[in-house]
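Below is one structure, written out as structure tokens, with a few remarks after it.
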Amino acid sequence: MSDARRRSPLHGRSEISSGEAATVREHAFLGKLVLRGAPGDIAPALRELTGTAGPEDACRSASSNGRSVLWIGPDEHWLVVPAETEIELARDLDSRLAGVRHHVVDVTDYHVAIGLSGTKAWEVLAKLTPFDVHPKAFAVGAVAGTVIGRGQGVLWRPAEGSALDSDYIVFIRSSMADYLWCLLAEAGRQFGMTPETPIGGETWRLAR
Amino acid sequence: MFVITCPYCGERDQAEFVSGGQAHRTRPLNAHEMSDADWGDWVFMRDNPKGIFAERWFHSAGCRRWFNALRNTATDQFLAFYPMGEAPPAVEAVLPATPAGEAPIGSGNDAVKVMRPGESEGTTT
Amino acid sequence: MDRYSAIRLIREGLNGHKGWGRIWRGATPKASYDVVVIGGGGHGLATAYYLAKIHGITNVCVIEKGWIGGGNSGRNTTIIRSNYLFDASAAIYNHALELWKGLGRELNFNIMMSHRGVLNLAHDEHEARGLKRRVEANRLNGVDAEWLDAKQVKEFCPVINISHDIRYPVLGATLQRSGGVNRHDAVVWGYARAASALGVDIVEQCEVTDIRTEAGAVTGVETTKGFIRTPKVASVTAGHTSVMAKMVGVKLPIESHPLQALVSEPIKPLVPCVIMSNAVHVYCSQSDKGELVIGAGIDAYNSYTQRGSMDIIEHQMSSLCELLPVVSRLRMMRQWGGIVDTCPDASPIITKTKVKGFYINGGWGTGGWKATPGSGHAFADLVARDEPNAIAAPFTVDRFYSGDLVAEHGAAAVAH
Amino acid sequence: MTSQPFRLPQGGLVDRSRLVTFRFDGREYTGHPGDTLASALIAGGTHMVARSFKYHRPRGILGAGVEDPAALVEIGSGIHRDPNVRVTEAEIHDGLEAHAQNVWPSLTFDVGEANDLLWRFFPAGFYYKTFMGGPRGWMTWEPFIRRAAGMGRAPDGPDPDPYEQTNRHCDVLVVGAGPAGLMAALSAARSGARVILAEETAALGGRLLSRDPAATHLDDRAAPEWIGAVAAELRSREDVTVLTRTSAFGYYGENFLGLWERVGDHLPRHERSPNLPRQRLWRVRAKQVVLATGAIERPLVFHENDRPGIMLASAAVTYVHRYGVLPGRNVLVFANNDSGWGAAFDLAESGASIAAIVDVRREIDGALLSRAAALGIAIHAGCGVVGTSGRFRVTGAKVQPVEGAGGVSDIACDLVAVAGGWTPNTALFAQSRGKLRWDDDLAAYRPGLSWQKEASAGASNGVFDLSGCLAAGAEAGARAADAAGFSAVPAPVPALRAEETLQRSIHFVAEVPSHRKPEDTRAWVDLQDDVTTKDLKLALQEGMQSIEHAKRYTTTGMGTDQGKVANLNAFRLVSDKLGRPMHEIGTTTSRQPWKPVTFGALAGQHVGHHFHPRRGTPMHDWHRRHSAVFEPVGDWLRPRAFLKAGESFEQAVQREARAAREGVAVLDATTLGKIDIQGKGAREFLNRVYTSAWTKLAPGRCRYGFMLGEDGMVLDDGVTSCIADDHFHMTTTTGGAARIYQWLEDYAQTEWPDLELYLTSVTEQWAVASLSGRDSRAVVEEICDDFDADPATFPFMSFRDTTIEGVPARIFRISFTGALSYEINVPASYGLWLWEKIFEAGARFGITPYGTETMHLLRAEKGFVIVGQDTDGTVTPHDLRMDWIVSDTKGDFIGKRSLSRSDTARADRKQLVGLLTEDPGLMLEEGAHVIATENEPAPPVPMLGHVTSSYLSPNIGRSIALALVAGGGDRMGDRLWVTRPGGAPIPVRVTETDFLKLKEEGHV
Ligand SMILES: Cc1cc2nc3c(=O)[nH]c(=O)nc-3n(C[C@H](O)[C@H](O)[C@H](O)COP(=O)(O)OP(=O)(O)OC[C@H]3O[C@@H](n4cnc5c(N)ncnc54)[C@H](O)[C@@H]3O)c2cc1C
Ligand SMILES: NC(=O)c1ccc[n+]([C@@H]2O[C@H](COP(=O)([O-])OP(=O)(O)OC[C@H]3O[C@@H](n4cnc5c(N)ncnc54)[C@H](O)[C@@H]3O)[C@@H](O)[C@H]2O)c1
Ligand SMILES: Cc1cc2nc3c(=O)[nH]c(=O)nc-3n(C[C@H](O)[C@H](O)[C@H](O)COP(=O)(O)O)c2cc1C
Ligand SMILES: [Zn+2]
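Chains A, B, C and D are the protein sequences, given in the same order. In terms of full-length UniProt numbering, the first sequence opens at residue 1 and continues consecutively. In terms of full-length UniProt numbering, the second sequence opens at residue 1 and continues consecutively. In terms of full-length UniProt numbering, the third sequence opens at residue 1 and continues consecutively. In terms of full-length UniProt numbering, the fourth sequence opens at residue 1 and continues consecutively.
Structure follows, in structure tokens:
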């Protein structure tokens, strides 16, 4: 049960679905950490603290027991963990990695995780990104930072160990979450989703 | 729309990248000793070749790493991608016969849209 | 030179138009000239014309690697204005604007100079502040400029959406009434015709492949049609300026980028003026033939292919649909690209070089069309006298060493 | 019910069981589903549908598809009006309304036709030679010309229809679903490759649909059946996407193609799904591309070849077989190659009578001759059409031998079917930057050298026979799949039973020779823009000898069809006239789009709400509920001020500004850029990117700094705090955040990797509330768990970590207002909670929310600069008279060397000063200029600088302003003037910039 004082930027939005074809929902407050450091240096600590040493290949993830390690760059991983476990994990990592060149930053509130599921989920996403999201090309476990709509974000196909039941997860900076939410609803219209209006998009108040 | 091969993430759409201009320009360590002319050269002057150009790209939407590329600016064909700090590899390119001219294929500009008799058919790569 | 007029047109009409001669003479290069101008765009031809007309230097050859007007002159959206911020820019662009006013008659060639007004829209307070600063600077420099509020914008150009409910509402705009557009090909042909009549040779399909120097001075140019002797070489090659400079080892701060433009299908008059917007990044006018002529920003990478990325076009179109919501059913008929020679401070370079007799006029980037007559005029003066006049002086390459940039960037980031 | 007199009793692929009613130019017509506007109009007996651009000549239907140059109309009205729609492409539906365009008052009586009477005076480029006189030069004439020019009208108001974009990656993209394209798609699909097949028209089949189905059997199935089977197989495959009504319009770099799908245009509005866009843009990245775009027939160029009823022979045949309409009852066929003969036989067998076959060739294949004889067709070999009659519809043609003497025969007809040879459709190939090769036998260009990963197959590659097209398609599809990494075999080519009379022994004449005087001959090359051979010849005569000049001077190929049928004839004419081979003439550039694409589709869903993201903070909704007025800063929306009922914006700002000093006020500062910097070289990194020294900044302390570009000009500013020796928290301006983060990464990764640092943006991790004013301390202490803000232990420019009801918080004692201030950071998800908590705690102090305008005013009272407002990319820290921020003692930093360049170091540069108007109630206009004289001289007026910031300050009790003024530092106390339009310059006094201090010291 998460802290009732917290508010996601998508607070007030509820799951939108067009049945089998596509469903869009938020995975609120998933814990997210940026972990920088050479993969070899950090692997033992990772294994110890998350149950996985991280993916072997670029643009992949590894998950175990609801904790996932996503490859973001050659010396950058994201840890995606159950809500409100991130602070402790960050602390543990820092102490476990003391002396090793590394850097841990909590970005839980920076990124909002929006999940997409359904037979047409990839077609919905394809309307927003030039990256190849076809299930054959972007297989379960894969990760990609890319362009989404007029912004940027990270796409992820969580594997079973992640304990996330969406086919795709889009991480988007929180100030753009509402923009993306509405864009996804628009993209899902073809499959029966209803359009949503951006918060603050209804009227523009000018000073004059 | 280019396909850019990030040395870390692989082939991606150009939209994910930011172009960083000329590569292999090392910031001088002795700026205070430099003349206005030398300093001005470093800050402002740029190679701007029609032909093989070593340039930098930033995988802004992806891994956020900077890296280098060789591209033929006469045709926009990428010839190589390589990490920061590495020297440019040797490459071959379809270059213009004259400094300001057009590459025999690939620029799509004037004068090279039609083959001359005797020019052999096929594909270039 | 044949004199063009309505009467002559009627006379020729009755005579099957057999009497019209060449607009410019075809020429094969002579062995030597007093001045060789490289580049048969608007600026190069204007330079040659003013060399002949004002300085009496008629033994001039313009060398063009393709067809005249085929470079940026043939690709630009022809926006003409002089409402620049800094004194140096205002001086040269306004000089050009004054010359444009009488140019059709002077050249006896209808360049369709249409002073229909240029709007620069402000979409936020920050832009409004910058534009107001510019309007006031313009006024003090004797450049015609005024500030319109949103309602006045709507009156001047009814297709603009001034609703408050959009992402970038229009807060106001500057208007330069004497700004406008003209017919790019006509300018090129008009200058070519007038220069040719004064004795200038215009050689097309001839590329300068090298510049020969001796003891630090120019002796001639190597071309695909042979060597041409000359003590003075004036490079006016826009996107290829760096290529020319490299031949003599002159360094420049110029980068060549693709800049794209597109036209819609022709439609009945819809857009009465020129609309430019920085925040949403698009500009638009309507040609006399009826197409909307639309441009946006450069592609960020260097290229000589006269092609750019489709992204730019897509962004430009969503901007335009946002600004002029009636246009989304209209259609893009043709898109193209040019090679623009951009300078770090978004101002041109008109300069002598360390090589005696080698002069450069370039770096006009995304916005040099409007300067064509002024640029040619000032450059001819520099080439003839070997000294920049007051208008050209701020634009030497020395400014990059001394730090005295003419930094129009902040003030007019929008392309052209 | 209106009759369809030209509908054939049977045949055609239209659905005869249903009747569709539509209107054209006020008259009601009927047709069937499957008809285009053109086929239905022809069924109704109407050929004339438009007027030409310049001479307003009647224009009929020349083609049967995208190639038609001039049969353009407006469809729909009001906000739904679509101008310049090709009747040969528009599909009819019930209720469709089409109108003639560019005519007045009507299509048949058009005043503009007067131009045609004066045609002799309107040759190519006539406008360059006249319209220079008049009181306003060209401007005198322009309005008239503009009104006459243009074609259709734009819609009357904003477009209500939605559009969308989508992206696809595929192994093989096949463009065109004719026989070649179908076979290519089939072969590639069977290998398991991801295939997209895009077809421009409503149906698959290409020219197969233009053949007599009874006479075309593939594997013993009539063509439509065979197509149906192929389509069914393709559609059944999961990895195949078959798109109809979808044009590949742009072949861009690296096999990136744009496809334009018309999703709803063919349906009446009420039948369109509200969930589907009107049109869709497919952005396709293909590993391999097969271009199977077919070939386009060319018209022949002869005197009066522009009348309605003059039609491409292939189009005439298409109308018969695809649509079941007869375009003419009495047809004269005019050909320069065998394929026209095939058309003639076909038309004859379909019920037309053939008035004659006229062929410019003298030698005709014997088999053709005997077949013609068997059908009783009169033959005029070695002859050409040299004139036509008929006003809105051709009524007859004049035929004359092309060589030697010979009388003119008048032949009555109601259709002239022209067969000038076939042009492979290489538009996309050329866009891909492949090189064309002139083929003399083909009398056309075909693909030569490829640049991208594509192959052309079938007629687009110069293969004109059906079995050849099928085989080439199969081969190309298989090869493409192979190259994409699959293992494919060409699909077996169906056994064929088909009659074909192909283009053979063509005699390409750019202009049909005639005995008329050249100056009296009007032979159209470009029917849309009224370009005649005479215009092209005049262009050459006047020196426009480059094909590019000829194009631009005459406007040939510059219309909405981009010269699909005109260009090759124009090139050939230039080649003939200049006596230079085709490859030397070259071609004009084939540019995107292949056919015009709506702006709406290019913009896709990225308009309106989705145009550009609006970024909001966690407190955004609160701001909206509290009457904030917003301003965009970067992509963010920030409150400018919070208006109380009945209050003006100015009043609100004054109120907020007072509260922020005398009481307590709070600003949402979440949008500031924040970067977490860690690494052993972090401190040194700061030393290099900031102008000031960071060596001594202790953990827990903060410092304000400037960043410069390498040119020495101020780039950004902000406060950076030391968290640990190797760990810093940097803030940047809101607008500069993204740029600065990238800029820092650049230096960190590429110049100084040895500093071993990591940068992570944390902008949105933290929500920030900035409290300002006397009572701010009390509020902070109240909300924090056990926090003592005693300045002795919590001094200015330091921070503390604490908690607020257990929520981790970081509090900075920094101030941009000069008043006592605290910046409270909490994880963003607690932002709104924090904000509301602050208001709860602050209620007893009358806490006031304030916006950016107030913040700007407050900082100006203190003389703090805003980068981007008081600087503009030409300003150094010294120009801001902030020499203290530039450390001379530390080593190099970015931009340092530039500060000592001769011009950057000059003393008379513009420097930031305060300005006080002599009349304290008078506010200067931001952007106004400073001059040294009481009266404004005549332009150019020497300008000393300009006002960068100007406010009415409640705390100073008067107006204040900041300005950049030449040599300003040395002008303290001077009297200067600030200009204003239409008024006398305003006298001002030059002061220091810290107005609060000035006031304290009694100088104000
Ligand atoms: C899409 C686009 C839109 C634009 N819009 C505007 C606008 O609205 N307003 C505005 O003011 N400006 C605009 N510009 C900028 C403007 O077009 C240019 O600044 C201006 O036309 C430059 O003229 P020019 O004569 O110097 O160059 P060009 O017309 O490019 O002429 C240079 C010539 O040099 C020739 N050349 C190059 N190398 C050689 C060689 N080695 N030998 C011989 N010849 C050589 C080239 O072939 C070319 O013809 C735009 C530019 C583009 C591309
Ligand atoms: N009689 C002759 O001399 C002659 C000459 C040429 C062709 N032909 C016949 O024409 C047929 C040619 O077959 P094919 O398959 O090569 O071509 P095709 O003309 O049958 O098919 C081409 C298809 O491509 C489509 N198309 C064209 N451009 C497109 C674009 N940009 N985007 C999407 N679709 C596009 C067209 O709508 C058409 O359906 C054969 O039957 C051949 O015999 C006959
Ligand atoms: C102001 C302006 C108006 C134009 N109008 C048209 C037009 O009406 N029709 C057209 O086909 N092209 C038009 N063009 C584009 C040219 O056909 C051509 O694309 C451009 O000159 C670049 O040359 P290129 O495409 O041959 O490389 C126009 C170009 C400009 C600069
Ligand atoms: Zn990458």
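The C-beta atom is built at its ideal place from N, Cα and C for all residues, glycine as well.
Can you tell me whether residue i is buried or exposed? The criterion is at least 16 other CB atoms within 10 Å of its CB, across all chains shown.
i, result
"PRO135(A)", "exposed"
"ASN65(A)", "exposed"
"THR760(D)", "buried"
"LEU243(D)", "buried"
"LEU502(D)", "exposed"
"THR73(B)", "buried"
"GLU86(B)", "exposed"
Specify the secondary structure class of residue i as computed by DSSP and reduced to three states.
i, result
"ALA415(C)", "At ALA415(C) the pLDDT is 42, less than 50, meaning the model places this residue with poor confidence and gives no usable figure here."
"ASN76(C)", "coil"
"ALA100(B)", "coil"
"ILE227(D)", "helix"
"GLN22(B)", "strand"
"PRO753(D)", "helix"
"SER287(C)", "coil"
"ALA455(D)", "strand"
Are the CB atoms of residue j and residue i within a distance shorter than 8 Å?
i, j, result
"LEU30(A)", "VAL80(A)", "yes"
"ALA137(C)", "LEU103(C)", "no"
"VAL509(D)", "VAL360(D)", "yes"
"VAL416(D)", "ALA397(D)", "yes"
"LEU140(C)", "PRO985(D)", "no"
"SER328(C)", "THR598(D)", "yes"
Provide the residue(s) that pair with residue i in DSSP beta bridges, ordered along the chain.
i, result
"GLN77(B)", "ASN72(B)"
"GLU146(C)", "LEU175(C)"
Practice task
Mind checking the stretch 59-74 of chain B against chain A and listing, in chain order, the residues whose C-beta falls within less than 9 Å of any C-beta there?
Solution key: Per Cβ criterion, the list reads HIS59, SER60, ALA61, GLY62, CYS63, ARG64 and ARG65.
Practice task
With 7 Å as the C-beta to C-beta threshold (strictly closer), list the residues of the stretch 881-914 of chain D near chain B in chain order.
Solution key: Correct list: ASP892, LYS896, ARG897, SER898, ARG901 and SER902.
Exercise for the section: Could you run through the stretch 251-283 of chain D and flag, in chain order, every residue whose CB is less than 9 Å away from some CB of chain B? Expected result: Among the residues of the stretch 251-283 of chain D, those with a Cβ less than 9 Å away from any Cβ of chain B are TYR252, GLY253, GLU254, ASN255, PHE256 and ARG283, in the order of the chain.
Exercise for the section: Report the residues of the stretch 737-767 of chain D with a CB closer than 7 Å to any CB of chain A, ordered along the chain. Expected result: Listed by position along the chain: GLU756, TYR758, THR760, VAL762, GLU764 and GLN765.
Handout entry: Where the stretch 605-617 of chain D meets chain A: residues whose CB sits under 9 Å from a CB there
Key = From the stretch 605-617 of chain D, only GLN605, HIS606, GLY608, HIS609, HIS610, PHE611, HIS612, PRO613, ARG614, ARG615, GLY616 and THR617 have a Cβ closer than 9 Å to chain A.
Practice task
Give the residues from the stretch 89-122 of chain B that approach chain C closer than 7 Å (Cβ to any Cβ), ordered along the chain.
Solution key: Correct list: THR98, PRO99, ALA100, GLY101, SER107, GLY108, ASN109, ASP110 and ALA111.
Problem - Residues of the stretch 127-138 of chain D whose Cβ lies closer than 7 Å to any Cβ of chain C, in chain order - result: Listed in sequence order: TYR127, TYR128, LYS129, THR130, PHE131, MET132, GLY137 and TRP138.
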